[in-house]
Amino acid sequence: MKRKLSKSLSIILTMTIVISAIIIAPVTVSAANTADSIVDIARAEIGNSYYQKYNGHKNAWCADFVTWCAKQAGVSSIASSSSCYNMYMGMKDSCERVYSPQKGDIVFFYCNKCSTTAGKWCHVGIMEDSTYSIEGNNWSDGTSKVQRGKSYNHNGDLGYRHGDSSGCITRIYLRPNYDNSSTSAPTDVHLDRSQVWYDIQDDIVLYPRANGADYFWISVHKDGQELISQGLAVNGELRFSASRWGYGDYYAWITAANSAGNVDSLGINFSVVGAAGYNSVSVEKPFYDIDETVSISVSPVCAKGVVIGIDKANVGRVVTEQCDTTFSIAASQLGVGSYSSYFSVYNGSGGVDTSRVSFLIPERKNLGDEFIARVQNKSSKKYFTAVGNNVEGAEKKDDNSQLWKFVRLSDNSYKIISLVDDRALDVDDFGAGGGGTNVQVYNNWDCTAQRFYIYDIYGSYYIKPVCTDMVLDMSQTTNNLEVWGRGEDWAPQKFDIQKTTNIIHPAVSLNKKNYNLDEKVSVSASADGGVDYYGVQVWKGDKVVYQESFTANKLDIDCSKLGAGDYGVFVSCVNNYGSINTETVQFHVTSGITNDIDLDNSVTVADATLLQKYVVGIATLTDDQKLLADCNGDGVIDVRDATYIQKTIVKIPV
4 MKRKLSKSLS IILTMTIVIS AIIIAPVTVS AANTADSIVD IARAEIGNSY YQKYNGHKNA
64 WCADFVTWCA KQAGVSSIAS SSSCYNMYMG MKDSCERVYS PQKGDIVFFY CNKCSTTAGK
124 WCHVGIMEDS TYSIEGNNWS DGTSKVQRGK SYNHNGDLGY RHGDSSGCIT RIYLRPNYDN
184 SSTSAPTDVH LDRSQVWYDI QDDIVLYPRA NGADYFWISV HKDGQELISQ GLAVNGELRF
244 SASRWGYGDY YAWITAANSA GNVDSLGINF SVVGAAGYNS VSVEKPFYDI DETVSISVSP
304 VCAKGVVIGI DKANVGRVVT EQCDTTFSIA ASQLGVGSYS SYFSVYNGSG GVDTSRVSFL
364 IPERKNLGDE FIARVQNKSS KKYFTAVGNN VEGAEKKDDN SQLWKFVRLS DNSYKIISLV
424 DDRALDVDDF GAGGGGTNVQ VYNNWDCTAQ RFYIYDIYGS YYIKPVCTDM VLDMSQTTNN
484 LEVWGRGEDW APQKFDIQKT TNIIHPAVSL NKKNYNLDEK VSVSASADGG VDYYGVQVWK
544 GDKVVYQESF TANKLDIDCS KLGAGDYGVF VSCVNNYGSI NTETVQFHVT SGITNDIDLD
604 NSVTVADATL LQKYVVGIAT LTDDQKLLAD CNGDGVIDVR DATYIQKTIV KIPV
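Per the working numbering, residue 4 is the first one in the sequence shown, and the count goes up by one each step.
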């Protein structure tokens with residue numbers, strides 16, 4: 004879109020002086036004949052006081068200076084003269100009169116009112132750009148030199164020191180017929196802004212930019228209405244208060260111009276906004292371990308400042324601090340507790356408080372130094388179950404696959420060990436696979452993948468591996484145990500730890516495997532941990548034939564109460580948390596009494612004789628008789644057993 008740059012000036016020139024100077028024909032010199040060349044030549048003369056160089060008169064040599072520069076630059080369209088009037092008359096018909104000066108234009112100063120120079124063409128110079136001119140003369144301060152003046156904006160330091168306030172001076176700009184073949188229109192034309200948006204207390208600053216521009220014209224609109232349309236100097240700026248036209252959306256552009264033409268920039272948008280707002284506020288995690296860093300973020304809209312407030316339940320305000328859009332603080336600095344937080348966002352137009360977010364810093368739960376437990380997901384009701392190398396959720400089973408030994412370590416984390424084979428709960432590859440990484444059982448060794456913090460939050464236990472910031476999660480679709488990012492009050496991550504016993508390594512033993520009816524089965528039980536009492540059960544086939552509780556580690560059972568046959572026995576180790584059973588041990592009870600080899604229910608010399616005959620190979624014994632014949636219990640039937648019977652009969656100690 005093209006914009007009109009020129010504005011009409013209606014100027015009536017009243018000629019009241021007598022011109023005595025003679026017009027000299029334009030100079031023709033083979034040179035560059037460009038605006039750049041004449042300005043470069045004039046600029047190089049700034050500060051020179053040697054007026055004779057320009058063939059000038061001591062008192063007035065401004066036209067001589069322009070004439071000299073034109074000759075050096077080869078500009079034939081600038082009339083050569085020592086008179087401002089004659090120079091103007093020699094150029095006015097062949098050169099274009101312009102109203103927005105640019106580099107290389109010739110500026111003439113015409114005096115309107117001054118008593119000594121009224122009605123005279125009093126001064127002439129060369130425009131260095133759209134603002135400044137370069138002139139040579141004998142100045143009112145007594146100096147005689149070439150200097151730069153601010154022609155376009157005012158002329159108080161030009162010519163014969165006429166002030167603008169009196170309206171004495173009219174400036175007339177003529178554009179010589181330069182050769183523009185080496186000059187191109189401005190390039191890289193754009194308008195920069197100091198900010199994208201402004202609050203009501205800001206200053207709006209716009210910066211015109213271009214390569215090769217002699218001047219700019221800037222336009223500013225709001226809601227389709229033009230607010231500003233004015234010229235700007237090269238390297239200048241436009242500044243105005245945001246409160247001048249108030250809140251709303253603005254649009255602005257510039258036109259850059261030089262002797263080769265005009266180029267428009269793309270338009271830019273900016274706004275004057277009201278009070279700051281926000282899109283969202285969030286906390287990185289719903290809860291934090293005491294060794295982690297709390298991170299809280301806000302997404303503000305048109306805010307110049309952010310302040311965070313953090314409150315602790317039952318305490319009150321613990322943090323009020325100016326911050327960026329993300330605030331971080333060590334959980335250890337806040338301490339264990341329940342927290343809520345919000346931000347205040349603001350700018351010069353006003354501000355607002357965000358909604359609150361909550362988070363927890365729970366303690367690492369101490370459930371005891373060592374205990375046995377089942378772990379149940381509270382939603383699915385399924386238990387941690389060791390299945391080969393994997394851990395899955397399953398309905399309750401009465402075997403060791405769902406029993407886990409918890410051992411508390413020095414940092415209040417727990418090692419969790421399967422009672423199936425003493426392998427430990429383990430996060431595959433330390434959780435490097437991210438959400439969904441499998442949890443397994445693996446050889447027990449000291450590593451963070453096998454250590455777990457336990458937190459009592461949201462009415463349940465959350466279990467976090469030390470090796471990752473994720474937590475144990477039992478899939479509600481596959482029942483697989485995995486690790487996932489922490490969820491607030493999230494059902495797959497809420498567990499119940501059900502202590503069953505703190506007893507480990509239960510064991511049972513008998514004093515021997517074969518008994519006679521008149522003997523006693525001696526049952527010994529042991530276990531590590533706190534056992535309140537033991538319960539023994541003796542089974543014959545699929546029936547319980549004897550059971551008894553005892554608190555000591557040993558219990559004797561009369562074989563006569565059991566009768567002859569094959570038996571199995573196990574012991575339950577019991578405390579307040581529950582019980583755990585030993586393995587089952589087998590034993591046999593014969594139908595006879597000790598030393599009664601002939602099975603007549605008495606021990607006599609006949610038993611010793613039968614035994615001797617068996618030893619020398621002239622008698623046979625049944626299996627039960629053989630059990631009775633090993634009288635000394637050394638596992639061998641020989642003459643010593645016969646001697647044992649004889650001593651027993653005569654009551655000699657054996």
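Heads up, the beta-carbon is just placed ideally off N, CA and C, and yes, glycines get one too.
Quick caveat, the model's predicted, so the values are computed rather than measured.
Output needed for T554: all residues of its chain with C-beta closer than 6 Å, excluding positions within five of it in sequence on either side, in chain order.
Walking along the sequence shown from the start, residue 554 turns up at place 551. Exclusion of the five residues before and after T554 leaves Y536 as the residues of its chain whose Cβ lies within less than 6 Å of its Cβ.
Straight-line CA distance for T585 to G533?
For the purposes of this step, residue 585 is taken as residue 582 along the sequence shown, with counting starting at 1. For the purposes of this step, residue 533 is taken as residue 530 along the sequence shown, with counting starting at 1. Their Cα atoms are separated by approximately 15 Å.
When you compare each of V310, E324, N403 and I507 to F387 by their alpha carbons, which one comes out closest?
Within the sequence shown, the letter at position 384 stands for residue 387. Ranking V310, E324, N403 and I507 by Cα distance to F387 puts N403 first.
Name the residue from D601, D626 and V619 whose alpha carbon lies nearest to the alpha carbon of I648.
Here residue 648 refers to the residue found at position 645 of the sequence shown. Here the closest residue by C-alpha is D601.
Length of the line joining the Cα atoms of Q336 and N446:
The sequence position of residue 336 within the sequence shown is 333, counting from 1. The sequence position of residue 446 within the sequence shown is 443, counting from 1. Cα to Cα, Q336 sits roughly 37 Å from N446.
Tell whether a beta-carbon distance below 8 Å holds between G308 and R320.
To locate residue 308, count along the sequence shown from 1; it is residue 305. To locate residue 320, count along the sequence shown from 1; it is residue 317. Cβ atoms of G308 and R320: not closer than 8 Å.
State the Cα-Cα distance for the pair V639 and D633, rounded to the nearest angstrom.
As a position in the sequence shown, residue 639 is number 636, starting the count at 1. As a position in the sequence shown, residue 633 is number 630, starting the count at 1. Cα to Cα, the separation comes out at about 6 Å.
If we ignore side chains and look at the alpha-carbon of each, how far apart do G50 and E99 end up?
Looking up residue 50 in the sequence shown gives position 47. Looking up residue 99 in the sequence shown gives position 96. Looking at the two C-alpha atoms, the distance is approximately 30 Å.
Closest Cα partner of K381 within the set P495, W448 and Y181
The count along the sequence shown starts at 1 and reaches residue 381 at position 378. Of the listed residues, the one whose Cα sits closest to K381 is P495.
For Q204, does the three-state DSSP call read helix, strand or coil?
Residue numbering aside, residue 204 sits at position 201 when the sequence shown is read from its first letter. In the structure shown, Q204 sits in coil (DSSP, three-state: anything other than H, G, I, E or B).
Smallest Cα separation from V310: which of A316, R46 and T329?
Looking up residue 310 in the sequence shown gives position 307. Looking only at A316, R46 and T329, the smallest Cα-Cα distance to V310 is reached by T329.
Is there a Cβ of chain D sitting closer than 8 Å to that of G93, yes or no?
No chain D is part of this structure, which consists of one protein chain only.
Just to confirm my understanding: we take G353, look at its own chain, exclude 5 residues before and 5 after, and list those with CB closer than 6 Å. What are they?
For the purposes of this step, residue 353 is taken as the residue at position 350 of the sequence shown. Here the set comprises A278.
Which of the three DSSP states is assigned to N116 in this structure?
The residue given as residue 116 occupies position 113 in the sequence shown. The sequence shown places Lys at residue 116, rather than the Asn named in the question. Of the three classes helix, strand and coil, the one that applies to K116 here is coil, per DSSP.
Outcome for N36 when other beta-carbon atoms lying within 10 angstroms are tallied against a minimum of 16
In the sequence shown, the residue the question calls residue 36 occupies position 33. That one is buried.
Three-state secondary structure (DSSP) of V642:
As a first step, residue 642 is located in the sequence shown; it is residue number 639 there, counting from the start. Look at V642 here: in three-state DSSP terms it is helix.
Per DSSP, which one or two residues make a beta bridge with Q443?
Looking up residue 443 in the sequence shown gives position 440. According to DSSP, Q443 bridges with N393 and D429.
To the nearest angstrom, how far is it from the Cα of K467 to the Cα of E485?
As a working note, residue 467 is residue 464 in the sequence shown. As a working note, residue 485 is residue 482 in the sequence shown. When rounded, the distance between both Cα atoms is 11 Å.
Using a 10 Å radius around the Cβ and a threshold of 16 neighbouring Cβ atoms, would you call L630 buried or exposed?
Counting from one through the sequence shown, the residue named residue 630 turns up at place 627. With 16 or more Cβ atoms within 10 Å of its Cβ, L630 is classed as buried.
Relative to the C-alpha of I560, which candidate in V592, C576 and D531 has its C-alpha closest?
Locating residue 560 in the sequence shown gives position 557, where the first residue counts as 1. I560 has its Cα closest to that of V592, out of V592, C576 and D531.
Considering only DSSP beta bridges, list what R454 is partnered with.
Working through the sequence shown from its first residue, we reach residue 454 at position 451. None; R454 has no bridge partner.
Mind listing, in chain order, the continuous alpha helix (DSSP H) runs of no fewer than 4 residues lying wholly within the region 69-123?
87-94
Once DSSP output is grouped into helix, strand and coil, what is the label at K502?
Translated into the one-based positions of the sequence shown, residue 502 becomes position 499. Strand.
Cβ shell of F219 (< 6 Å), same chain only, five flanking positions each side left out:
Here residue 219 is taken as the residue at index 216 of the sequence shown, counted from 1. The answer, listed in chain order, is P211, L235, I257 and A259.
Under a three-way DSSP split, which group does V588 fall into?
Taking the first residue of the sequence shown as position 1, residue 588 is located at position 585. DSSP places V588 in strand when its eight states are reduced to three.
Got a sec? Which residues, its chain only, sit under 7 Å from L613 by beta carbon, not counting five neighbours each side?
Here the question's residue 613 lines up with position 610 in the sequence shown. Here the set comprises I600, D601 and A622.
First through last residue of the alpha helix (DSSP H) which encompasses L241:
Counted from its first residue, the sequence shown places residue 241 at position 238. Run containing L241: none in the alpha helix (DSSP H); it sits in the beta strand (DSSP E), L241 to S244.
Tell me, which residues are paired with G280 by DSSP?
If you number the sequence shown from 1, residue 280 lands on position 277. Its beta-bridge partners are V304.
Nearest residue (CA-CA) to D267, options V572, S605, F273 and A213:
Residue mapping note: residue 267 aligns to position 264 of the sequence shown, counting from 1. Relative to D267, the option among V572, S605, F273 and A213 whose CA is nearest is A213.
Using C-beta distances below 6 Å, list every residue in its chain close to I231, excluding the 5 sequence neighbours before and after it, in chain order.
Taking the sequence shown and counting its residues from 1, one reaches residue 231 at position 228. V223, listed in sequence order.
Give the single residue among G437, V442, G544 and V524 whose Cα lies nearest to the Cα of E395.
By one-based count along the sequence shown, residue 395 stands at place 392. Comparing Cα-Cα distances from E395 to each of G437, V442, G544 and V524, the minimum goes to V442.
Is DSSP giving I293 helix, strand or coil here?
Counting from 1 along the sequence shown, the entry for residue 293 is found at position 290. Residue state, collapsed to three classes: coil.
If you check the beta carbons only, do C87 and C125 fall under 8 Å apart?
What you label residue 87 is simply residue 84 of the sequence shown in a count that begins at 1. What you label residue 125 is simply residue 122 of the sequence shown in a count that begins at 1. Yes, they are a contact pair.
Any idea what DSSP makes of G659, helix, strand or coil?
The shown model of the chain, from 4 to 657, leaves out residue 659, and the question about it has no answer.
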